[in-house]
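Data block below; observations after.
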Amino acid sequence: MTTIDPSRLVFVGGLHRSGTTPFSRVLDGHPDICGLTGTGVKEDEGQHLQPVYPKAKVYGGSGRFAYAPQAHLTEESPLVSAANAEAMLAAWRPYWREDARLLVEKSPPNIVMGRFLQALYPGSAFVVVVRHPVAVALSNKKWRRFTSSDPRKFQSLSGMVDHWMRAHETLAADLPHLDRVLVVHYERLVSAPQEELARVADFLGLSTPIDHSALSASRGDPYAARWAEYAGPALRPGAVQRRLITRRFGDRMRAYGYDVDDLSAFTPPSGPASLRS
Numbered sequence: 246m247t248t249i250d251p252s253r254l255v256f257v258g259g260l261h262r263s264g265t266t267p268f269s270r271v272l273d274g275h276p277d278i279c280g281l282t283g284t285g286v287k288e289d290e291g292q293h294l295q296p297v298y299p300k301a302k303v304y305g306g307s308g309r310f311a312y313a314p315q316a317h318l319t320e321e322s323p324l325v326s327a328a329n330a331e332a333m334l335a336a337w338r339p340y341w342r343e344d345a346r347l348l349v350e351k352s353p354p355n356i357v358m359g360r361f362l363q364a365l366y367p368g369s370a371f372v373v374v375v376r377h378p379v380a381v382a383l384s385n386k387k388w389r390r391f392t393s394s395d396p397r398k399f400q401s402l403s404g405m406v407d408h409w410m411r412a413h414e415t416l417a418a419d420l421p422h423l424d425r426v427l428v429v430h431y432e433r434l435v436s437a438p439q440e441e442l443a444r445v446a447d448f449l450g451l452s453t454p455i456d457h458s459a460l461s462a463s464r465g466d467p468y469a470a471r472w473a474e475y476a477g478p479a480l481r482p483g484a485v486q487r488r489l490i491t492r493r494f495g496d497r498m499r500a501y502g503y504d505v506d507d508l509s510a511f512t513p514p515s516g517p518a519s520l521r522s
């Protein structure tokens with residue numbers, strides 16, 4: 246079996262419900278790129294196939310995993326070894342078309358594992374998708390309602406926003422250690438897809454454009470409408486959570502380029518908390 250050149254590997258990360266799945270599918274539509282397909286696991290995520298590191302659900306799953314220090318893997322992890330690098334590739338390669346120039350693996354916990362993946366596969370690329378923390382929280386609440394009956398998996402909107410902050414603080418601290426990394430903001434991806442995907446194509450060294458026709462800005466509309474409802478009378482459902490989120494996280498959101506009142510906008514931020522993009 247031939248060894249896969251690590252420079253062909255592209256790891257996509259981002260919190261659950263941040264847009265990593267539609268983004269990865271768009272990448273997979275390019276003739277030079279192949280993502281994991283036909284795996285039989287949730288969203289074709291590589292984390293569910295590999296035998297080396299614990300899956301996000303071990304640390305509480307979406308809305309919780311980034312709190313666990315053990316989930317933040319770096320080049321210092323004892324799991325970094327040539328044997329483990331080969332074991333992970335062996336689990337993924339049956340689901341790639343190996344004649345593709347670039348091979349994509351997408352898993353949400355990659356957002357806090359970039360340094361680990363880089364240590365295993367020097368020269369690989371890392372793309373992280375970032376979305377407004379409130380939109381991520383609202384989407385997770387809706388998603389969990391339909392995918393789980395375990396009451397331990399439910400938490401408040403403010404708790405999910407707090408988890409977003411923790412995950413992205415970890416990411417911001419890791420970015421200077423990553424050699425090939427691109428931050429993609431979901432809001433730009435759906436509002437100006439041609440421009441944003443041209444940036445991605447340039448980063449990946451593609452000679453032809455990435456098709457943007459499958460991306461739609463309307464996907465986030467229900468969450469914006471729900472958030473607007475929460476701005477109503479104090480006793481209405483959600484109003485307490487909106488006030489709490491605004492008070493606790495409004496300034497911190499702005500440091501990342503997000504306005505607590507507008508779920509569709511992203512403004513490039515400045516300051517120590519900003520994510521290089």
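Sequential numbering of the sequence shown, starting at 246, is according to the working numbering.
The C-beta atom is built at its ideal place from N, Cα and C for all residues, glycine as well.
Can you give the Cα-Cα distance for Ile249 and Val505, rounded to whole angstroms? In the sequence shown, counting from the first residue as 1, residue 249 sits at position 4. In the sequence shown, counting from the first residue as 1, residue 505 sits at position 260. When rounded, the separation of the alpha-carbon atoms in Ile249 and Val505 is 44 angstroms.
In chain order, which continuous runs of the beta strand (DSSP E) of length 3 or greater are located wholly inside the region 360 to 443? Fully enclosed beta strand (DSSP E) runs of 3 or longer: 370 to 375, 426 to 430.
Using a 10 Å radius around the Cβ and a threshold of 16 neighbouring Cβ atoms, would you call Ala328 buried or exposed? Locating residue 328 in the sequence shown gives position 83, counting from the first residue. The residue is exposed, with fewer than 16 neighbouring Cβ atoms inside 10 Å.
Which residues DSSP lists as bridging Leu520, in chain order: For this step, residue 520 is matched to residue 275 along the sequence shown. According to DSSP, which records beta bridges pairwise, Leu520 is partnered with nothing at all.
With distances taken from CA atoms, which of Val375, Pro454, Ser269 is nearest Val349? Walking along the sequence shown from the start, residue 349 turns up at place 104. Looking at the Cα atoms, Ser269 is the closest of the given residues.
Neighbourhood of Met405 by C-beta distance below 6 angstroms, restricted to the same chain and skipping five residues each side: Working through the sequence shown from its first residue, we reach residue 405 at position 160. Sequence-distant Cβ neighbours of Met405 in its own chain, meaning closer than 6 angstroms and more than five residues away, are Gly308, Ala382, Asn385.
How should Lys287 be labelled, buried or exposed, when 16 other C-beta atoms within 10 angstroms of its C-beta is the threshold for buried? Within the sequence shown, residue 287 is the residue found at index 42, counting from 1. Classification for Lys287: exposed.
Which partner residues does Phe494 have in the DSSP bridge list? Your numbering for residue 494 matches position 249 in the sequence shown. DSSP lists no partner for Phe494.
Assuming contact is defined by CB atoms lying nearer than 8 angstroms, are Leu347 and Ile278 in contact in what I supplied? Taking the first residue of the sequence shown as 1, we reach residue 347 at position 102. Taking the first residue of the sequence shown as 1, we reach residue 278 at position 33. In this structure, Ile278 lies closer than 8 angstroms to Leu347 by Cβ.
Burial state of Val255, where buried means 16 or more other Cβ atoms lie within 10 Å: For the purposes of this step, residue 255 is taken as the residue at position 10 of the sequence shown. With at least 16 other beta carbons inside 10 angstroms of its own, Val255 counts as buried.
Can at least three beta-carbon pairs, one atom from the region 258 to 272 and one from the region 427 to 435, be found at a separation below 8 angstroms? Result yes; three or more Cβ-Cβ pairs closer than 8 angstroms.
For the structure I just gave you, are there three or more beta carbon pairs, one from the region 458 to 478 and one from the region 354 to 370, closer than 8 angstroms? Output reads no: the region 354 to 370 does not touch the region 458 to 478.
Rounded to whole angstroms, how far is the Cβ of Gln292 from the Cβ of Ser352, which I believe are closer than 8 angstroms? One-based indexing of the sequence shown puts residue 292 at position 47. One-based indexing of the sequence shown puts residue 352 at position 107. Between Ser352 and Gln292 the Cβ distance is about 4 angstroms, and since that is below 8 angstroms, they are a contact.
How many Å lie between Ser322 and Pro478 at the Cα? In the sequence shown, the residue the question calls residue 322 occupies position 77. In the sequence shown, the residue the question calls residue 478 occupies position 233. Cα-Cα distance, rounded: 49 angstroms.
Mind checking who Lys302 pairs with in its DSSP beta bridge? Counting from one through the sequence shown, the residue named residue 302 turns up at place 57. Answer by DSSP bridge pairing: none, since Lys302 is not bridged.
If you drop the 5 nearest sequence neighbours on each side, which residues of the same chain put their C-beta closer than 8 angstroms to that of Met410? Position 165 of the sequence shown holds residue 410. Once the five neighbours on either side are set aside, the close Cβ partners of Met410 are Pro378, Phe494, Arg497.
Among all the DSSP beta bridges, which residues are the ones paired with Glu350? Sequence index remark: in the sequence shown, residue 350 carries index 105 (1-based). Phe256, per the DSSP bridge assignment.
Secondary structure at Gly450, three-state DSSP: helix, strand or coil? Counting from 1 along the sequence shown, the entry for residue 450 is found at position 205. Here Gly450 sits in coil by DSSP.
Taking 7 angstroms as the cut-off, is the C-beta of Asp344 nearer than that to any heavy atom in the ligand PLP? Only the bare structure without any ligand can be found here, which leaves the ligand PLP out of the picture.
Alpha carbon to alpha carbon, what distance is there between Asp419 and Thr319? Your numbering for residue 319 matches position 74 in the sequence shown. Your numbering for residue 419 matches position 174 in the sequence shown. When rounded, the distance between both Cα atoms is 9 angstroms.
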